[in-house]
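536 is the number that the numbering used here gives to position 497 of the sequence shown; each next residue is one higher, with no gaps. Even glycine gets a Cβ: it sits at the ideal position worked out from N, Cα and C.
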Amino acid sequence: MDSLHLPPLRSASGCVRLPGSKSISNRMLLLAALAQGTTEIRDLLDSDDTRVMLAALQKVGVGVTAMGSNAWRVEGSGGVFPVKDADLFMGNAGTAIRPLTAALALSGGHYRLSGVPRMHERPIGDLVDGLLQIGADIRYTGTSGFPPLAIHPARVKLAAPVRLRGDVSSQFLTALLMALPLTGEAVVIEMTTELISRPYIEITLNLMARFGVQVEREGWQRFTIAAGQGYRSPGVLHVEGDASAASYFLAAGAIGGGPVRVEGVGRDSIQGDVRFAEALEAMGARIEWGEQHIEARAPVSGKLQAFDLDLNHIPDAAMTLAVAALFADGRCLLRNIGSWRVKETDRIAAMAAELRKLDATVEEGADFIAVTPAPTLVPNCAIDTYDDHRMAMCFALVALGGVSVTINDPACVNKTFPDYFDALAEITAPVIAIDGPSASGKGTVAERVAAALGYHYLDSGSLYRLTALAALRAGLALNDEAGVAALAAGLPASFSGGRILLANDDVTDAIRTEEISVGASKVAALPAVRAALLARQRAYRRFPGLVADGRDMGSVVFPAAGAKVFLTASAQARAERRYKQLIAKGMPANMHALLQDLQERDARDAQRSVAPLRHCDDADLVDTTEMNIEAAVAAVMTIVQRSPL
Ligand code: DC
């Protein structure tokens, strides 16, 4: 897809489970590869940049095995890499090429490292200078100071401290720190400049310590690694959620009302980017910290405030602030962000160009950007993303200003967050919830409303029906709560072209029998089954919007739905409709039995302890007893049109 058109969005609320941190994933992979012993890494990020690292490690002879669910087993090489000659393609992954260059330089082999054209414009000279001081043999095969590189065996000499610049990228220090224990000797690194992006060094030191190597730090000036230290596997490790990725959702909560909760990082995170939440707080947003989550809401006043902040400690998440500035009440100054110039693109230039498309006044300098928002955002802007995942991710937030926006080359998010737009949709896409009793016509009405708006459609009842069918086929008792819930959690259901499949079996008609209707109502009364189906239902919330029908769409599954309708009809009218449907299909039908069945199901759905069927106060009532389908659709459309979707 060349571009993604986002609809105007009015609000954001909900919960996002973050993918694993890129910074932690790639560091852990390398440390595990260099360590003695086998490491199991759980919740590893699955993205372009981690694939680059995994592929490179495999190529140099490290055993890496996928264990499923983003867990990987890494057989440590216990020091240097076994394969002594390799060509390695690094894509545009800075977190892969920098540390690998250092580790390969000490591995006693011949390696050639290259990347995409932009990678060949991203500096690596300071790192190479540092490595040359300890006897590394690294040559530039393109432009001096930049990849591609050719690496040959080093003649290691460690007498003097390694002198290193730290003002272009902190990754050079990270790379040296992680590689130097391979020498087994005492080493000192001295910074010759100010060190930027310091929290990333804290991540590095923290993870090295988990693999058994201690670094003594004197301020941010001098780092000492004592002799005789080597990496040892700590066994099993978990990757925290990505704090940089959290910034988009937290900002969405601050801009779009909230609350938006990110799960996977919290107050004890080792990632500096969690401090982004404090920057949002400086804009007036309300932030709540948990051990494993952070939650953001809009300011009490409703309006975000202008800011003047030094953001050197959170360079990546700071991009999100530049876009949040569009929603502030004045000029916002982002200072000390010179490293933006040498990232995936020149981020200061890119940010300025794209913000100007939205009519913001932008001042830019070598290491700052100032953004003064226009009173209104320009609708229908096409935002260029410069092959930079963060440009795509932060500019998607523009839609929360109630304007549509087009993101060009949205697939660039694959670098760190392949499912980003789905996750964003799950907290922002408009939802119309239509609840009501059986045979009220809500399914037909919901489907037509969805078609009229071009929205997605969720028939949540079919998930309960599928669960009942699958349970009966598996020979499970319908009151076996744990068994049925486990089945619901892994239900192999798919919907395509109006047909419903269970694994490869077309069950569109099979789930509509009276037996399954009764069964569905029984399994739906089990709390564990409802819990098992919750995430699956929420995943239907996609752009440009969703119409969902069921019993608890407005009360439980999508409590923040922009429009909520309770669609009902008298039991007599509903039984008559069902009767006519069956007769039309040439099936036997008995009016009395149908009415009794319906009333029993209504009673069970309304009396169960969890998510009972009821007309919530915030839902508009549509009684279709006297209406045909067209009138019912028109009544719902009227409600939708006056709702704040
Ligand atoms: O809407 P339907 O008749 O297809 O639903 C089948 C059963 O599933 C119904 O008895 C109630 C239950 N259900 C539910 O409890 N919650 C929903 N959101 C949807 C259906």
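Any heavy atom of the ligand DC within a distance shorter than 6 Å of the CB on residue i?
i, result
"Arg-256", "no"
"Asp-548", "no"
"Asp-591", "yes"
"Ala-563", "yes"
"Gly-500", "yes"
"Ser-477", "yes"
"Ser-64", "no"
"Ser-443", "no"
"Tyr-579", "no"
"Ser-648", "no"
"Ala-559", "yes"
"Tyr-496", "no"
"Tyr-503", "yes"
"Arg-551", "no"
"Arg-487", "no"
"Arg-640", "yes"
Quickly, what does DSSP pair residue i with across the bridge? List them, please.
i, result
"Gly-107", "Ala-110"
"Phe-79", "Just to set this straight, residue 79 is Glu in the shown sequence, not Phe. For Glu-79, which the question treats as bridged, DSSP gives the partners Arg-112, Val-275."
"Arg-617", "Partner(s): none; Arg-617 has no beta bridge."
"His-332", "Glu-302"
"Tyr-150", "Ala-125, Ile-190"
"Ser-544", "According to the sequence displayed, residue 544 carries Asp and not Ser. Note: Asp-544 sits in a beta bridge opposite Leu-541."
"Glu-403", "Ile-408"
"Leu-606", "Val-661"
"Leu-343", "Ala-367"
"Thr-445", "His-44, Ala-421"
"Cys-54", "Arg-300"
"Phe-534", "Ile-539"
"Asp-474", "Gly-589, Phe-605"
"Met-230", "Leu-203"
"Phe-262", "Ile-228, Arg-256"
"Ile-242", "Bridge partners of Ile-242: none, in fact."
Is it right to say residue i is buried, meaning 16 or more other beta carbons lie within 10 angstroms of its own, or is it exposed?
i, result
"Asn-351", "buried"
"Asp-349", "exposed"
"Thr-424", "buried"
"Asp-641", "buried"
"Lys-196", "exposed"
"His-631", "exposed"
"Val-568", "buried"
"Ile-622", "exposed"
"Glu-465", "buried"
"Ser-183", "exposed"
"Arg-580", "buried"
"Glu-334", "buried"
"Ser-533", "exposed"
"Lys-619", "exposed"
So, under 8 Å CB-CB, residue i and residue j are touching, yes? Tell me the CB distance rounded to an integer number of Å.
i, j, result
"Phe-407", "Cys-371", "Between Cys-371 and Phe-407 the Cβ distance is about 11 Å, and since that is not below 8 Å, they are no contact."
"Leu-246", "Pro-138", "Not quite, the Cβ-Cβ distance comes to about 11 Å (not below 8 Å), so this is no contact."
"Ala-132", "Leu-166", "Rounded, the Cβ-Cβ distance is 15 Å, inconsistent with contact."
"Ile-331", "Asp-368", "Inspection of the sequence shows that residue 331 is occupied by Gln rather than by Ile. Not quite, the Cβ-Cβ distance comes to about 33 Å (not below 8 Å), so this is no contact."
"Val-444", "Phe-460", "The Cβ separation is near 12 Å, so there is no contact."
"Ile-309", "Ile-264", "That belief does not hold up - the Cβ atoms of Ile-309 and Ile-264 are roughly 20 Å apart, past 8 Å."
"Ala-658", "Phe-597", "About 12 Å separates the two Cβ atoms, so there is no contact after all."
"Leu-508", "Ala-549", "6 Å"
"Ala-542", "Pro-531", "5 Å"
Does the Cβ of residue i lie closer than 6 Å to at least one heavy atom of the ligand HEM?
i, result
"Asp-644", "Ligands in the displayed structure: the ligand DC; the ligand HEM is not one of them."
Can you tell me which of the options puts its alpha carbon nearest to the alpha carbon of residue i?
i, options, result
"Tyr-503", "Gly-537, Phe-534, Asn-543, Ser-556", "Ser-556"
"Trp-328", "Val-313, Met-322, Ile-466, Ala-321", "Val-313"
"Val-437", "Asp-41, Arg-538, Pro-47", "Pro-47"
"Val-595", "Pro-192, Val-227, Ala-472", "Ala-472"
"Ser-45", "Ala-602, Pro-469, Tyr-579", "Ser is not the amino acid found at residue 45; the sequence shown has Leu there. Checking every option, the nearest Cα to that of Leu-45 belongs to Pro-469."
"Val-417", "Ser-682, Ala-405, Lys-624, Arg-395", "Arg-395"
"Glu-255", "Ile-235, Gly-537, Pro-220", "Pro-220"
"Ser-64", "Arg-204, Gly-280, Arg-306", "Gly-280"
"Gly-223", "Thr-231, Glu-334, Gly-267", "Gly-267"
"Ser-283", "Pro-162, Leu-57, Ala-142, Arg-151", "Leu-57"
"Ser-108", "Val-278, Arg-386, Gly-536, Met-666", "Val-278"
"Asp-126", "Ala-513, Thr-359, Ser-153, Thr-455", "Ser-153"
"Asp-458", "Gly-53, Gly-480, Asp-87, Pro-186", "Asp-87"
"Ala-193", "Asp-124, Ala-225, Ile-177, Leu-463", "Ile-177"
"Val-155", "Gln-172, Ala-141, His-149, Pro-186", "Pro-186"
"Leu-439", "Glu-393, Tyr-287, Pro-531, Ser-560", "Tyr-287"
Using a Cβ-Cβ cut-off of 7 Å, state whether residue i counts as contacting chain E.
i, result
"Leu-565", "Considering every chain present, this structure includes no chain E. It has just one protein chain."
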